[in-house]
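Scroll down for the structure; my scribbles are underneath it.
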Amino acid sequence: MQKIFSHPKSLRNISTHYCPGCGHGIVHRLIAEVVDELGIREKVIAVCPVGCAVIAYDYWDFDCSEAAHGRALAVATAIKRVRPENIVFTYQGDGDLAAIGTNETIHAANRGENLTTIFINNAVYGMTGGQMAPTTLLKQKTATTPKGRDAKYHGYPLKISEMLAILPAVKYIERVSLHSPQEVIKTKKAIKQAFQNQIDNLGFSLVEVLSPCPTYWGLTPKDSLDWIKEVMVKEFPLGRLK
Amino acid sequence: MAEKILLTGNEAIGEGAIQAGCQFYAGYPITPQNEITAYMAKRMLELNRVFIQAESELAAINMVFGASAAGVRALTSSSSPGISLKQEGISYIAGCQLPAVIVNVMRGGPGLGNIAPAQSDYFQATRSGGHGDYYSIVLAPSSVQEAFEFMKLAFDLADKYRNPVIILADGMLGQMMEPLEVTSYKLQVISKKQKLITHNSSLITKEWTLTGCKGRKPNIIRSLYLAEGVLEKLNLRLQKKYKAIQQKEQRHESLNLSDAKVILVAYGTMARIAKSAVKRLRDKGKKIGLIRPITLWPFPNNIFRRLAMSNKRLTFLVIEMSYGQMLEDVRLSLNGRAKVEFFGRAGGGIPTEEEIIKKLEVISDKL
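So, in structure tokens, the structure goes:
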């Protein structure tokens with residue numbers, strides 16, 4: 001009988017530290033599947049973020065580096081420039097990519113670095129205890145917005161993907177979601193595209209993934225998926241931005 | 001016969017790095033080190049190596065982190081305020097045990113200060129600078145010749161110990177022009193073939209670098225160790241390394257120590273001026289000597305200890321373009337066994353030969 005499904009070679013077969021219902025595990029696996037399918041495991045170098053996914057290198061079975069908070073795209077820029085033959089990607093959360101690392105994000109994209117960035121948007125800082133993120137929705141309660149995000153004091157959810165899409169050197173940006181199996185399949189497709197673009201030397205590609213954080217949203221895993229579908233996608237519309 | 005060319009200290013730093021096989025440079029404009037960035041922009045391009053004008057000092061040091069993790073000799077340069085911004089990155093480089101070279105062409109501080117030469121970042125360079133228990137190796141060139149030669153030494157030490165190395169220069173050394181005698185290296189465009197050999201050999205020897213996991217287990221560059229006791233083990237390994245560096249890598253230059261009663265202590269540009277004062281006083285028969293620390297960390301405390309044990313009733317006069325930072329290391333090395341005096345100026349003020357001699361007259365009647 002032909003084997004048609006198995007554990008990805010690029011993902012270690014161990015349990016993760018993520019909370020129940022967290023999206024990180026799904027995206028880790030999707031990346032591992034894409035890396036296997038593209039046959040690039042021995043060429044891939046991942047740059048992991050500071051945040052909940054800080055120890056992603058314990059889960060992926062390929063070369064990885066840590067980076068200081070926000071600096072993943074600076075680190076990745078150098079790795080790729082030094083080793084253009086390798087496939088280099090960053091995996092970053094909303095605080096890492098769109099708050100402390102906004103500068104590195106914009107300039108790596110604007111230089112058109114031939115990199116792939118997987119951007120996990122869960123509208124909250126998870127690792128540090130559920131504080132407001134740049135992508136936190138208006139009225140969303142967090143540890144640092146106990147009465148909900150108020151535009152008057154906290155500004156609006158930052159649409160970094162839309163901002164990056166206007167840059168001429170950026171080749172591909174797509175926003176996807178994990179709120180249903182169909183959306184997960186679309187997410188994998190987008191991730192694969194973002195890696196393929198790098199293989200084809202096309203330039204900067206970014207996939208923004210709307211991802212559940214039941215723990216700091218104060219919702220069950222299922223309600224978290226519904227919240228993405230009903231609330232979050234209204235603020236962060238899905239689809240290809242560039 | 002060795003070829004002689006005229007270069008500024010900043011250009012000599014750039015060329016020294018290039019001759020030492022530096023494959024990656026990232027920098028951000030700041031005075032008085034802009035000539036390094038401009039020089040690298042031109043030369044790295046010529047040699048088909050990587051030059052990036054980074055969006056910030058933070059990005060530049062983290063690019064150096066990435067390039068080093070990828071296995072090549074990587075350099076960044078800046079001046080005092082920019083070096084402050086790099087401290088987080090230097091701490092990560094130390095924590096991940098990556099080799100890297102960082103040049104600080106010091107200017108006046110604190111804050112934005114001014115663009116005049118200063119030696120006010122000694123504490124920052126020699127006492128970690130960033131967070132955590134770590135040390136960077138610190139080299140202090142005092143001539144354009146040394147600015148050139150110390151770059152190879154810096155990269156060699158960085159690779160040997162997998163540790164950040166700081167070149168601590170100042171605005172005067174960076175800007176001044178001197179003839180540079182090229183003895184160790186040939187000042188020519190390295191052929192593409194040679195470049196590739198350098199490139200490959202540096203990769204072969206570094207089995208820990210990120211190259212893609214073909215034919216081996218994945219490599220991970222990290223400084224995070226959450227499990228109980230694991231970080232402490234890393235810290236102990238680092239301390240062992242620092243101790244080895246302290247034992248093996250102390251460097252200094254000395255002048256007229258055998259019969260000296262007063263010994264000047266100065267580094268970098270300041271040592272040039274101190275040396276002139278020593279020569280002038282020696283011509284008048286005064287028994288004066290000089291110690292010029294070349295490694296600021298590890299501080300060359302062995303020479304001071306040796307002199308302190310000699311029971312000669314020595315007086316040390318520390319001269320700095322700061323208000324007394326290296327002074328603390330001299331005092332720690334002597335541990336109360338000799339008299340230590342200090343003279344310093346900063347903020348654009350540079351101690352002159354006359355001021356040094358005047359200070360000597362005040363503190364010592366032995367001369």
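Listed in order, the protein sequences are those of chains W and G. Heads up, the first sequence is in the working numbering, so the first residue is 1 and it goes up one at a time. Heads up, the second sequence is in the working numbering, so the first residue is 1 and it goes up one at a time. Glycine included, C-beta positions come from ideal geometry on N, C-alpha and C. Given the structure is predicted, the values throughout are model-derived calculations rather than measurements.
Quiz prompt | Distance between W/Pro157 and W/Gly70 (C-alpha atoms, nearest Å) | solution = Here residue 70 of chain W is taken as the residue at index 70 of the first sequence, counted from 1. Here residue 157 of chain W is taken as the residue at index 157 of the first sequence, counted from 1. When rounded, the distance between both Cα atoms is 18 Å.
Quiz item: Does the stretch 106–115 of chain W come close enough to the stretch 134–143 of chain W to have 3 or more Cβ pairs within less than 8 Å?
Solution: With the cut-off at 8 Å, the stretch 106–115 of chain W and the stretch 134–143 of chain W do not touch.
Exercise. Return the CA-CA distance between W/Gly25 and G/Gly324, expressed in angstroms with no decimal places.
Key: As a first step, residue 25 of chain W must be located in the first sequence, where it is residue number 25. As a first step, residue 324 of chain G must be located in the second sequence, where it is residue number 324. Their backbone Cα atoms lie some 54 Å apart in a straight line.
Exercise. Could you please tell me which residues of the stretch 57–70 of chain W, in chain order, have their CB closer than 9 Å to any CB of chain G?
Key: Correct list: Tyr57, Asp58, Trp60, Asp61, Phe62, Asp63, Cys64, Ser65, Glu66, Ala67, Ala68, His69 and Gly70.
Quiz item: Checking contacts by CB at 9 Å: is G/Pro218 closer than that to chain W?
Solution: Taking the second sequence and counting its residues from 1, the one referred to as residue 218 of chain G is at position 218. Judged by the 9 Å Cβ criterion, G/Pro218 is in contact with chain W.
Quiz item: Cα separation between G/Gly21 and G/Arg73?
Solution: Reading the second sequence from its first residue, position 21 is the one you call residue 21 of chain G. Reading the second sequence from its first residue, position 73 is the one you call residue 73 of chain G. Answer to the nearest angstrom: the Cα atoms are 7 Å apart.
Quiz item: Hey, which unbroken runs of the beta strand (DSSP E) at 3 residues or more fall wholly within the stretch 53–137 of chain G?
Solution: The qualifying runs are 73–78 and 100–106.
Quiz item: Under 9 Å, do G/Asn62 and W/Ala123 count as touching if we go by C-beta distance?
Solution: Numbered from 1 along the second sequence, position 62 holds the residue referred to as residue 62 of chain G. Numbered from 1 along the first sequence, position 123 holds the residue referred to as residue 123 of chain W. Judged by beta-carbon spacing, W/Ala123 lies beyond the 9 Å limit of G/Asn62, meaning their Cβ atoms are not closer than that value.
Practice problem: Note down, in chain order, every chain G residue with its Cβ under 9 Å from the Cβ of W/His107. | Solution: Indexing the first sequence from 1 puts residue 107 of chain W at position 107. Within chain G, the C-beta atoms nearer than 9 Å to that of W/His107 come from Ala54, Glu55, Ser56 and Ala59, in chain order.
Exercise. Grab the span of the alpha helix (DSSP H) containing G/Leu332 for me, first residue to last.
Key: Looking up residue 332 of chain G in the second sequence gives position 332. Met326 to Leu334 is the span of the alpha helix (DSSP H), which, as asked, contains G/Leu332.
Practice problem: Report the residue from W/His154, W/Arg83, W/Lys3 and W/Thr187 whose alpha carbon sits nearest the alpha carbon of W/Arg240. | Solution: Mapped onto the first sequence, residue 240 of chain W falls at position 240. Answer by Cα proximity: W/Thr187.
Quiz item: How many angstroms separate the CA atom of G/Met326 from the CA atom of G/Glu355?
Solution: Against the second sequence, residue 326 of chain G aligns to sequence position 326. Against the second sequence, residue 355 of chain G aligns to sequence position 355. C-alpha separation (whole angstroms): 19 Å.
Practice problem: Consult DSSP for G/Thr198 and reduce its assignment to one of helix, strand or coil. | Solution: Indexing the second sequence from 1 puts residue 198 of chain G at position 198. Residue placement at G/Thr198 is flagged as unreliable, the pLDDT there being 43, under the threshold of 50; the coordinate-derived value follows with that caveat. It is helical.
Quiz item: How is G/Phe150 classed by DSSP in three states: helix, strand or coil?
Solution: Taking the second sequence and counting its residues from 1, the one referred to as residue 150 of chain G is at position 150. DSSP places G/Phe150 in helix when its eight states are reduced to three.
Quiz item: Is it a yes or a no for the stretch 263–282 of chain G touching the stretch 111–123 of chain G, going by three-plus beta-carbon pairs under 8 Å?
Solution: Touching, yes, given that three or more Cβ pairs across the two stretches are closer than 8 Å.
Quiz item: Using the beta-carbon of each residue, which ones in chain W are nearer than 9 Å to G/Ala26?
Solution: Translated into positions along the second sequence, residue 26 of chain G becomes position 26. Under the 9 Å cutoff, chain W gives Ala74, Thr77 and Ala78.
Exercise. Report the neighbours of G/Thr37 on chain C: residues whose CB is nearer than 7 Å to its CB, in chain order.
Key: The question asks about chain C, but that chain is absent: this structure's protein chains are W and G.
Quiz item: Can you name the residues of chain G whose CB is closer than 7 Å to the CB of W/Lys43?
Solution: The residue you call residue 43 of chain W lines up with position 43 of the first sequence. Residues of chain G passing the Cβ test: Gly212.
Practice problem: Could you please tell me which residues of the stretch 82–93 of chain W, in chain order, have their CB closer than 7 Å to any CB of chain G? | Solution: Those residues of the stretch 82–93 of chain W that come within reach of chain G (Cβ to Cβ, closer than 7 Å) are Val82, Arg83 and Asn86.
Self-check item: Extent of the continuous alpha helix (DSSP H) to which G/Ser276 belongs
Solution: Working through the second sequence from its first residue, we reach residue 276 of chain G at position 276. Secondary structure note for G/Ser276: its alpha helix (DSSP H) is the uninterrupted segment Gly268 to Asp283.
Self-check item: Residues near G/Gly27 in its chain [Cβ-Cβ closer than 6 Å; skip 5 each side]
Solution: Counting from 1 along the second sequence, the entry for residue 27 of chain G is found at position 27. For G/Gly27, where only same-chain residues beyond five positions count, the Cβ hits under 6 Å are Thr37, Ala60, Thr76 and Ser77.
Quiz item: Can you list, in chain order, the stretches of the alpha helix (DSSP H) that have 4 or more residues and sit fully within the stretch 70–144 of chain W?
Solution: With a minimum length of 4 residues, the continuous alpha helix (DSSP H) runs that stay inside the stretch 70–144 of chain W are 72–82 and 102–110.
Practice problem: Assign G/Ala346 to one of three DSSP states: helix, strand, or coil. | Solution: For the purposes of this step, residue 346 of chain G is identified with residue 346 of the second sequence, where counting begins at 1. In the structure shown, G/Ala346 sits in coil (DSSP, three-state: anything other than H, G, I, E or B).
Practice problem: Show which residues of chain W have a CB atom less than 9 Å away from the CB atom of G/Gly176. | Solution: As a first step, residue 176 of chain G is located in the second sequence; it is residue number 176 there, counting from the start. According to the sequence provided, residue 176 of chain G is Met. The question's Gly does not apply to it. In chain order: nothing, as chain W lies at least about 32 Å away.
Self-check item: Assumed close pair G/Lys287, G/Ala260 - CB separation to whole angstroms, cut-off 8 Å
Solution: Numbered from 1 along the second sequence, position 287 holds the residue referred to as residue 287 of chain G. Numbered from 1 along the second sequence, position 260 holds the residue referred to as residue 260 of chain G. Contact holds; Cβ gap of about 5 Å.
Practice problem: Tell me whether G/Ile190 is buried or exposed, calling it buried when 16 or more other Cβ atoms sit within 10 Å of its Cβ. | Solution: The residue given as residue 190 of chain G occupies position 190 in the second sequence. Confidence is the limiting factor: at G/Ile190 the pLDDT is only 39, short of 50, which leaves the residue's position unreliable and the question unanswerable from this model.
Quiz item: Cα separation between G/Leu7 and G/Glu149?
Solution: Taking the second sequence and counting its residues from 1, one reaches residue 7 of chain G at position 7. Taking the second sequence and counting its residues from 1, one reaches residue 149 of chain G at position 149. Taking C-alpha positions only, G/Leu7 is separated from G/Glu149 by approximately 13 Å.
Quiz prompt | C-beta atoms of G/Gly9 and G/Gln175 nearer than 9 Å | solution = Residue mapping note: residue 9 of chain G aligns to position 9 of the second sequence, counting from 1. Residue mapping note: residue 175 of chain G aligns to position 175 of the second sequence, counting from 1. In contact: G/Gly9 and G/Gln175 (Cβ atoms closer than 9 Å).
Quiz item: Under 9 Å between the Cβ atoms of G/Phe296 and G/Ala67?
Solution: The residue labelled residue 296 of chain G in the question sits at position 296 within the second sequence. The residue labelled residue 67 of chain G in the question sits at position 67 within the second sequence. The sequence given here places Leu at residue 296 of chain G; Phe does not occur at that position. No.
Quiz item: Near G/Ser364, what residues of its chain come up, given a Cβ to Cβ distance below 6 Å and the 5 sequence neighbours on each side ignored?
Solution: Walking along the second sequence from the start, residue 364 of chain G turns up at place 364. Val262 and Thr315.
Exercise. Flag W/Glu104 as yes if its beta-carbon sits less than 9 Å from any beta-carbon of chain G, otherwise no.
Key: Here residue 104 of chain W refers to the residue found at position 104 of the first sequence. At least one chain G Cβ lies under 9 Å of W/Glu104.
Quiz item: In the structure shown, what three-state DSSP assignment does G/Leu236 receive?
Solution: Here residue 236 of chain G is taken as the residue at index 236 of the second sequence, counted from 1. Correct three-state label for G/Leu236: helix.
Practice problem: Take G/Ala338 as the anchor and find which of G/Leu307, G/Ser91, G/Met321 and G/Ile357 has the nearest alpha-carbon. | Solution: For the purposes of this step, residue 338 of chain G is taken as the residue at position 338 of the second sequence. The closest CA to that of G/Ala338, considering only G/Leu307, G/Ser91, G/Met321 and G/Ile357, is found on G/Leu307.
Quiz prompt | chain W contact residues for G/Arg222, given Cβ-Cβ distances below 7 Å | solution = In the second sequence, the residue the question calls residue 222 of chain G occupies position 222. Within chain W, the C-beta atoms nearer than 7 Å to that of G/Arg222 come from Tyr57 and Glu66, in chain order.
Quiz item: If we count the other Cβ atoms within 10 Å of its Cβ and call it buried at 16 or more, is G/Ile220 buried or exposed?
Solution: Mapped onto the second sequence, residue 220 of chain G falls at position 220. In summary, G/Ile220 is buried, with 16 or more beta-carbon neighbours lying within 10 Å of its beta-carbon over all protein chains present.
Exercise. Per DSSP, which residues does G/Met177 bridge with? Please list them.
Key: Against the second sequence, residue 177 of chain G aligns to sequence position 177. Beta bridge pairing from DSSP links G/Met177 with G/Thr8.
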